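Asks: Have a look at the structure that comes next, please.
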Amino acid sequence: MFDVLERINEGPEAVELYTASDGYNDEKVVRVTHSAAAPAAAGKGVIRLENMNSKKLKILPLCCIALVLFFQKLCFGHSWMAPEDAEKRNNPIKITTASINNGKALFIDRCSSCHGVEAVGVSKEKTGLKKDTPNLSNQLKTHSEGDFHWKIMNGKGDMPPFKDELSEKEVWDIINYIKTRIKK
22 MFDVLERINE GPEAVELYTA SDGYNDEKVV RVTHSAAAPA AAGKGVIRLE NMNSKKLKIL
82 PLCCIALVLF FQKLCFGHSW MAPEDAEKRN NPIKITTASI NNGKALFIDR CSSCHGVEAV
142 GVSKEKTGLK KDTPNLSNQL KTHSEGDFHW KIMNGKGDMP PFKDELSEKE VWDIINYIKT
202 RIKK
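Position one of the sequence shown corresponds to residue 22 (my numbering), numbered consecutively onward.
Put into structure tokens, the structure is as follows:
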């Protein structure tokens, strides 16, 4: 039987400190719940800690949170990914001056208030959103064009969907513009 001692953080990165007894010894257990970020990992990642004095237990939750968040980021990376078929799509629009100029105009009109004109992201304090917006020119180095296309079309959270406002070609033009912002 487990008794919850402490719950730190809410949501997909929650950490819970439990005490469990086998009848002979009490042991401390840190349990990570990944239910929203990675449903397949829910209930996994149990770290057992034994023979800890009370001073160590006071700093233990902070150390465990840092360790858990580090490994979660390492293992699960970006929690918002396009479906595999969308992620594999290639940009059918060639990078031309016309495509880049059209993409830039659309980006400035529809995207720059959150992502900045140079696509390097804007702080949450400036946008009023829940978190800083990502540096898109950096993300396009590690995410496919199909991933970007799907995210622009479908949105999530603070990122609105544009499937009813932009055509397929317009979204690909925006991606071509973002590609010009990549620093080599």
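Where is the CB? At the ideal position from N, CA and C, for every residue including glycine.
No experiment lies behind these values; they were computed from the predicted model shown.
So who's on the other strand from K177, going by DSSP bridges?
Replies: The partner list for K177 (beta bridge, DSSP) reads M180.
Asks: Put S188 into one of helix, strand or coil per three-state DSSP.
Replies: Coil.
Asks: Relative to the C-alpha of M102, which candidate in G167, E146 and G124 has its C-alpha closest?
Replies: The option with the nearest alpha carbon to M102 is G167.
Asks: So is V138 buried or exposed if we call it buried at 16+ other beta carbons inside 10 Å?
Replies: Answer is exposed; the Cβ neighbour count stays below 16.
Asks: Could you check the C-alpha separation between I195 and D130 for me, to the nearest Å?
Replies: Going from the Cα of I195 to the Cα of D130 covers about 11 Å.
Asks: Do you know whose CA, among K184, E108 and S133, lies nearest N156's CA?
Replies: Comparing Cα positions, the closest option is S133.
Asks: Should I199 be labelled buried (16 or more other beta-carbon atoms within 10 Å of its own) or exposed?
Replies: Looking at its Cβ environment, which holds 16 or more other Cβ atoms inside 10 Å, I199 is buried.
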